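K.L.:
The numbers in our numbering rise by one with no breaks, and the one at position 113 of the sequence shown is 368. Think of the CB as a built atom: it goes at the ideal place given N, C-alpha and C, for glycine as much as any other residue. Please read these numbers as outputs of a predicted model, since none were measured by experiment.
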Amino acid sequence: MRTLGSKGPEISVVGYGAWEAGGALWGTAPSDRQLQDAMRAAIDAGCNWIDTAEIYGRGRSEELVGPVANERQGEVSIFTKFAPTGSTVTPDRIAKAIRGSLQRLGLDHVDLYQIHWPTPGLDWEEVWGAMAGLVDEGLTRFIGLSNVGKEEVERCEAIRHVDSVQNQFSLLHQEDRDELLPWLEERGVGYLAYGPLAFGLLTGAITA
Numbered sequence: 256m257r258t259l260g261s262k263g264p265e266i267s268v269v270g271y272g273a274w275e276a277g278g279a280l281w282g283t284a285p286s287d288r289q290l291q292d293a294m295r296a297a298i299d300a301g302c303n304w305i306d307t308a309e310i311y312g313r314g315r316s317e318e319l320v321g322p323v324a325n326e327r328q329g330e331v332s333i334f335t336k337f338a339p340t341g342s343t344v345t346p347d348r349i350a351k352a353i354r355g356s357l358q359r360l361g362l363d364h365v366d367l368y369q370i371h372w373p374t375p376g377l378d379w380e381e382v383w384g385a386m387a388g389l390v391d392e393g394l395t396r397f398i399g400l401s402n403v404g405k406e407e408v409e410r411c412e413a414i415r416h417v418d419s420v421q422n423q424f425s426l427l428h429q430e431d432r433d434e435l436l437p438w439l440e441e442r443g444v445g446y447l448a449y450g451p452l453a454f455g456l457l458t459g460a461i462t463a
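Here you go:
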């Protein structure tokens, strides 16, 4: 187990990524039952967090994660994200997005709520202030960023501590290793790696 950043939850080194739950992008889609059984098996094996997002399966991923999260309360933390793709991000939209996620999950709060894919021209001060407000409301315990670099983290840190950054990282994608990772560690910002097996390339399941 490890602490996510300096103030975050105690989490297992490996979590369950629910990216393809609700609709496979590559290969054959597993059944809903297979996906939920896989989540349960991951928890039984020691994984204590599940990562999902409103955009995964257009909400279907959260709907599949929800029943497992509820039956295994106290054993697993739920991390989710909202994706501001193609639209202006406002405090109202953030508030609506997290409530939509909570409804699909069947929960009254999540453990980590993250900005998924920031859009150009984002008003970070306004947006991160709204994210901080979600913590104050009790809708999420922690807040984080995804697919970002130093500049975005610095702007947010000036308003409220960034609990985590989730970026792509694997043997094939190590852009964050030399600069961003040690910089985040100095500031007590946790790091979550997605795509550690390069989406199948490092397993041999996908060759091109």
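Excluding the five sequence neighbours on either side, which residues of its own chain have a C-beta within less than 6 Å of the C-beta of V382, listed in chain order?
P.N.:
For V382, where only same-chain residues beyond five positions count, the Cβ hits under 6 Å are V344.
K.L.:
In angstroms, rounded to a whole number, what distance separates the CA positions of A453 and T395?
P.N.:
Reliability fails at A453, whose pLDDT of 46 lies under 50, so the model's placement of it is uncertain and the value that follows must be treated cautiously. The alpha-carbon atoms of A453 and T395 are separated by roughly 29 Å.
K.L.:
So is R359 buried or exposed if we call it buried at 16+ other beta carbons inside 10 Å?
P.N.:
Counting Cβ neighbours within 10 Å, R359 comes out buried, since at least 16 surround it.
K.L.:
So, at 6 Å on beta carbons, what are the nonlocal neighbours of D306 in its own chain, with the 5 sequence-adjacent residues on each side left out?
P.N.:
Counting only Cβ-Cβ distances below 6 Å, and skipping sequence neighbours, we find G270, G272 and F334.
K.L.:
Check W383 in the structure and name its three-state DSSP category.
P.N.:
Helix.
K.L.:
Quick one: what does DSSP say G404 is sitting in, helix, strand or coil?
P.N.:
In this structure, G404 counts as coil in the three-state DSSP scheme.
K.L.:
Who are the Cβ neighbours of Q423 in its own chain at under 6 Å, not counting the five residues just before and after it?
P.N.:
Result list for Q423: Y449 and G450, in chain order.
K.L.:
Let me know the beta strand (DSSP E) ranges lying completely inside the region 258-342, each 3 residues or longer, listed in chain order.
P.N.:
Complete beta strand (DSSP E) runs here, min 3: 304-306 and 332-337.
K.L.:
With DSSP collapsed to three states, give me the class of A453.
P.N.:
Model confidence at A453 stands at a pLDDT of 46, short of 50, so the residue's coordinates are unreliable and nothing is read from them.
K.L.:
Please classify N303: is it buried, with 16 or more other beta-carbons within 10 angstroms of its beta-carbon, or exposed?
P.N.:
Buried, since its Cβ has 16 or more Cβ neighbours within 10 Å.
K.L.:
Along the chain, where does the beta strand (DSSP E) that runs through D347 open and close?
P.N.:
Careful: D347 lies outside any beta strand (DSSP E), inside the alpha helix (DSSP H) at P346 to L360.
K.L.:
Alpha carbon to alpha carbon, what distance is there between A284 and N402?
P.N.:
N402 and A284: Cα-Cα distance of roughly 26 Å.
K.L.:
Going by DSSP, which residues form a beta bridge with T395?
P.N.:
For T395, which the question treats as bridged, DSSP gives the partners V365.
K.L.:
Return the first residue and the last residue of the alpha helix (DSSP H) that L377 is part of.
P.N.:
Careful: L377 lies outside any alpha helix (DSSP H) and carries neither H nor E.
K.L.:
Terminal residues of the continuous beta strand (DSSP E) containing V420?
P.N.:
Start and end: S419 to Q423.
K.L.:
Can you name, in chain order, every residue of its own chain whose Cβ lies under 8 Å from the Cβ of G404, other than the five neighbours on each side?
P.N.:
Within the same chain, G404 has close Cβ partners L435.
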